[in-house]
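Using this note's numbering, you'd call the opening residue of the first sequence number 369 and step up by one each time.
For every residue, glycine included, the Cβ atom is placed at its ideal position computed from N, Cα and C.
Given the structure is predicted, the values throughout are model-derived calculations rather than measurements.
Heads up: the structure comes next, in structure tokens.
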Amino acid sequence: MNDEQLHAMRHSLAHITAAAVKRLWPEAKFGVGPVVDNGFYYDIDLGETKISEANFAKIEKEMRGIINYGDDFERFEMPIDQAIEWAKENNQPYKLELLNDLKREGTTLASELDATMMGMELPAGVSGSPHASVQSVVEVSFYKNGNFVDLCRGPHVANTKDVGAFKLLRVAGAYWRGNEKNPQMQRLYGVAFATQEELDQHLEMLEQAKLRDHRRLGKELDIYTVSQLVGAGLPLFTPRGTILRDLFSSYSNQLRLNFGFQKVWTPHITKQDLYETSGHWAKFGDELFLVTSQETDDKMALKPMNCPHHTQIYASRPRSYRDMPIRYLETTTDYRDEKTGELGGLNRVRSLTQDDSHVFCRPDQIEGEINSLLASARELYATIGMNLRVRLSYRDSSDAYLGEQSLWDTAQEQLKAAVVSNELDYFEQEGEAAFYGPKIDFMATDAIGREHQVATVQLDFVQPGRFGLQYTDAEGGVQTPVMIHCALLGSIERFLSVFIEHTAGWFPFWVAPEQVRILTINDTVLDYVDTIKAVLDDLTLMKPVKYNEIRYSVDDRNESLGKKIREATTWKIPVQLIIGQQDKDDQEVSIRTQAGEEKVKLDELATYLQKL
RNA sequence: GCCGCUGUAGCUCAGUUGGUAGAGCGGCGCUUUCGUAAAGCGUAGGUCUCCGGUUCGAUUCCGGACAGCGGCUCCA
Numbered sequence: 369m370n371d372e373q374l375h376a377m378r379h380s381l382a383h384i385t386a387a388a389v390k391r392l393w394p395e396a397k398f399g400v401g402p403v404v405d406n407g408f409y410y411d412i413d414l415g416e417t418k419i420s421e422a423n424f425a426k427i428e429k430e431m432r433g434i435i436n437y438g439d440d441f442e443r444f445e446m447p448i449d450q451a452i453e454w455a456k457e458n459n460q461p462y463k464l465e466l467l468n469d470l471k472r473e474g475t476t477l478a479s480e481l482d483a484t485m486m487g488m489e490l491p492a493g494v495s496g497s498p499h500a501s502v503q504s505v506v507e508v509s510f511y512k513n514g515n516f517v518d519l520c521r522g523p524h525v526a527n528t529k530d531v532g533a534f535k536l537l538r539v540a541g542a543y544w545r546g547n548e549k550n551p552q553m554q555r556l557y558g559v560a561f562a563t564q565e566e567l568d569q570h571l572e573m574l575e576q577a578k579l580r581d582h583r584r585l586g587k588e589l590d591i592y593t594v595s596q597l598v599g600a601g602l603p604l605f606t607p608r609g610t611i612l613r614d615l616f617s618s619y620s621n622q623l624r625l626n627f628g629f630q631k632v633w634t635p636h637i638t639k640q641d642l643y644e645t646s647g648h649w650a651k652f653g654d655e656l657f658l659v660t661s662q663e664t665d666d667k668m669a670l671k672p673m674n675c676p677h678h679t680q681i682y683a684s685r686p687r688s689y690r691d692m693p694i695r696y697l698e699t700t701t702d703y704r705d706e707k708t709g710e711l712g713g714l715n716r717v718r719s720l721t722q723d724d725s726h727v728f729c730r731p732d733q734i735e736g737e738i739n740s741l742l743a744s745a746r747e748l749y750a751t752i753g754m755n756l757r758v759r760l761s762y763r764d765s766s767d768a769y770l771g772e773q774s775l776w777d778t779a780q781e782q783l784k785a786a787v788v789s790n791e792l793d794y795f796e797q798e799g800e801a802a803f804y805g806p807k808i809d810f811m812a813t814d815a816i817g818r819e820h821q822v823a824t825v826q827l828d829f830v831q832p833g834r835f836g837l838q839y840t841d842a843e844g845g846v847q848t849p850v851m852i853h854c855a856l857l858g859s860i861e862r863f864l865s866v867f868i869e870h871t872a873g874w875f876p877f878w879v880a881p882e883q884v885r886i887l888t889i890n891d892t893v894l895d896y897v898d899t900i901k902a903v904l905d906d907l908t909l910m911k912p913v914k915y916n917e918i919r920y921s922v923d924d925r926n927e928s929l930g931k932k933i934r935e936a937t938t939w940k941i942p943v944q945l946i947i948g949q950q951d952k953d954d955q956e957v958s959i960r961t962q963a964g965e966e967k968v969k970l971d972e973l974a975t976y977l978q979k980l
């Protein structure tokens with residue numbers, strides 16, 4: 369089956385869903401019912417009546433009835449004014465809005481419509497759009513299956529019998545046309561495939577995704593927790609989770625310390641004046657956590673980002689062109705008052721830790737700086753085993769951007785040159801730049817093919833000016849530096865959620881909170897265990913950075929070997945060393961990893977671990 | 001924030017059509033020293049998320065709060 373057929377099938381199922389709902393609740397008012405990834409949905413307004421998953425069996429039964437009856441999908445056309453009458457007579461106010469938009473503007477796409485006009489009826493006697501350039505619609509098509517009629521562009525399958533395998537998956541609230549000022553409808557989601565096997569496969573995949581959900585693994589592997597007393601969106605990291613955080617943070621820092629970054633430290637609260645000067649207050653004011661001082665009248669806030677703070681370190685001394693670039697680095701936690709309904713796991717939190725850095729440089733230094741940052745990002749994600757793709761986000765011709773056009777043009781060229789010389793897979797997109805400068809966004813693909821936004825490198829032509837940052841050039845003149853923002857991990861919390869799901873909790877050796885566990889078979893080998901511990905204590909490892917404290921434990925409890933293996937495996941500990949009398953006699957260790965088991969001579973153990 | 005669903009032991013869950021609850025795992029104790037994913041026996045854990053209301057009586061019904069989950073971009 370090709371994509372078009374599958375699309376028609378899913379779209380037809382959306383209609384059949386609506387038809388079934390209409391049979392059960394004749395008063396239903398319908399919004400839109402498009403095809404989405406793997407399935408379809410239909411937005412439905414049932415007034416006070418609420419559909420829950422408990423109703424799904426009933427709705428699906430009705431749907432199967434419609435499918436088995438085998439009506440044809442019949443297409444017919446109608447002049448738009450007649451269609452508008454149809455919507456009024458059938459009490460379908462949402463369809464009426466769509467028809468009004470088609471008549472007025474020739475489209476129903478919210479993104480193309482003037483929000484204040486959306487859904488508005490044209491005055492009597494006016495036949496077309498108020499905009500001369502707009503091609504308004506004069507005739508619309510309908511599809512009819514059985515006695516269910518719906519405004520629809522199509523296409524559909526020929527007969528309701530031709531829709532393949534489906535399952536209603538969930539019901540969720542969705543605002544009419546995505547606008548929270550509009551009424552909220554009930555969105556009925558379904559998945560659909562050509563065959564039952566494909567549907568089952570898809571449902572199985574959803575189960576697999578659940579097993580690697582970072583919220584589940586975060587609890588099972590004891591990485592983080594949330595407390596009702598501390599609050600939603602404020603995760604607390606356990607010892608194991610903190611090892612992960614610290615290792616990634618120091619690796620990310622090390623990559624930049626290698627080429628001249630210096631660590632700085634800034635406080636977590638500030639006077640609001642800082643954000644009024646930076647311009648963030650106007651844009652992010654409603655996301656700030658406010659702090660009250662009982663000693664002064666200062667209005668304070670928890671910091672939602674770090675760049676304004678870093679500008680003040682730059683501004684603390686006079687700067688020469690010889691000092692540039694000046695590079696500051698800080699892993700630090702920011703606080704943003706996100707909508708409570710959007711919080712969840714480590715993905716969307718109110719306390720987020722950024723491995724943040726800011727370069728202050730001359731315009732001619734942009735390319736060199738970007739080059740080094742891109743090389744760092746590339747190395748980091750190669751170490752983690754994730755494929756990277758970057759988006760070059762440029763300005764478009766609108767006047768929404770600040771800073772000189774010529775500065776933008778050369779900067780965009782330098783960004784691209786750096787991306788090309790780093791051999792990164794990239795695509796360019798106009799109109800995606802920040803108002804203060806062009807940027808490079810990194811997308812990493814995880815083990816089950818999902819793409820996640822991770823690192824970002826952004827140029828900034830605006831904040832240096834707002835803060836009056838300066839340096840003296842070779843001629844003794846005053847110049848404004850350019851700022852380059854960069855976070856390699858992005859937010860550590862979000863990064864960890866991606867990393868946990870990417871690895872399904874089987875962390876690579878270097879970041880595993882517990883790298884090695886020694887499992888004893890009985891107490892007669894305890895002296896030999898001490899010998900092995902001495903080897904581990906002396907070990908120095910080099911990948912991806914040099915470290916000499918291997919994280920291991922000894923399980924010498926009075927339990928069966930089977931139980932010890934089971935537990936160590938449940939904890940996803942990468943290296944299990946099984947020690948019994950035989951190993952002791954042969955001066956060997958039995959090493960159990962995900963790859964299998966092998967015996968290694970004691971004097972080769974260090975080399976073995978160094979290779980991991 | 002809004003809509004829907006959910007909240008029972010540390011964890012995973014069962015149960016009570018209104019008469020204050022149970023299993024497995026985990027914990028603790030004893031026995032067992034056992035070579036590749038759970039040894040055996042015993043035992044202690046609960047304000048059934050919290051606050052109100054109805055009731056002789058609420059974990060159960062009603063209301064509210066808090067928290068978790070699925071969504072709120074996909075367009076006739």
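Below 6 Å CB to CB, which residues in the same chain sit around residue i once its five sequence neighbours on both sides are set aside?
i, result
"L615", "V879"
"R757", "D793 and M811"
"Q564", "A533"
"V968", "V957, I959 and Y976"
"G628", "R695"
"Q640", "K667 and A669"
"A577", "none"
"E465", "G487"
With distances taken from CA atoms, which of the options is nearest residue i?
i, options, result
"I918", "D895, I933, R925 and A974", "A974"
"A993", "D895, L760, E428 and A376", "With the chain covering 369 to 980 only, the question about residue 993 has no answer from this structure."
"S740", "S766, Q782, D469 and H636", "Q782"
"P686", "F516, D841 and Q460", "D841"
"S766", "A542, F803, R443 and F863", "F803"
"L894", "S725, R925, L907 and Q576", "R925"
"V787", "E747, E798 and A743", "A743"
"G709", "R718, E457 and T701", "R718"
"D898", "Q569, K512, D923 and W874", "D923"
Identify every residue that forms a DSSP beta bridge with residue i.
i, result
"Y915", "L909"
"N755", "T813"
"S928", "Per DSSP, none; premise fails for S928."
"A802", "G805"
"S719", "Y703"
"H853", "H726 and Q826"
"G964", "T961"
"V943", "V884"
"E473", "Answer is none; E473 lacks a bridge partner."
"H820", "A812"
"F398", "I412"
Helix, strand or coil for residue i, going by three-state DSSP, please let me know.
i, result
"Q373", "helix"
"Y896", "helix"
"G845", "coil"
"V969", "Contrary to the premise, residue 969 reads as Lys rather than Val in this sequence. Reduced to three states, the DSSP call for K969 is strand."
"L887", "strand"
"D405", "coil"
"E956", "strand"
"V866", "helix"
"V922", "strand"
"Q460", "coil"
"Q838", "coil"
"R793", "In the sequence under discussion, the amino acid at residue 793 is Asp, which differs from the Arg named in the question. In the structure shown, D793 sits in coil (DSSP, three-state: anything other than H, G, I, E or B)."
"G858", "strand"
"D413", "strand"
"K418", "coil"
Got a sec? Which residues, its chain only, sit under 8 Å from residue i by beta carbon, not counting five neighbours each side?
i, result
"P832", "T679, F728, T848, P849, V850 and M851"
Go through its chain and collect everything with a Cβ distance to residue i's Cβ below 7 Å, but skip five positions before and after it.
i, result
"V846", "Q838 and T840"
"A801", "S761, Y762, R763, Y769 and K807"
"I419", "V539, Q554 and L556"
Within the present structure, is the beta-carbon of residue i separated from the nearest heavy atom of the ligand GTP by less than 6 Å?
i, result
"I419", "Among the components modelled here there is no ligand, and therefore nothing to report on the ligand GTP."
Beta strand (DSSP E) segments (min. 3 residues) lying fully within the region 565-622: none
Going along the chain, which unbroken runs of the beta strand (DSSP E) with 3 or more residues stay wholly within the region 487-562? 507-513, 516-519, 533-543 and 552-561
What are the start and end residues of each continuous alpha helix (DSSP H) run of 4 or more residues lying completely inside the region 626-709, in chain order? 641-646, 648-652 and 675-682
For the region 757-790, which segments carrying the alpha helix (DSSP H) assignment without a break, of at least 4 residues, lie completely within its bounds, in sequence order? 773-789
List in chain order: all unbroken beta strand (DSSP E) runs of 3+ residues lying wholly within the region 420-453. 442-447
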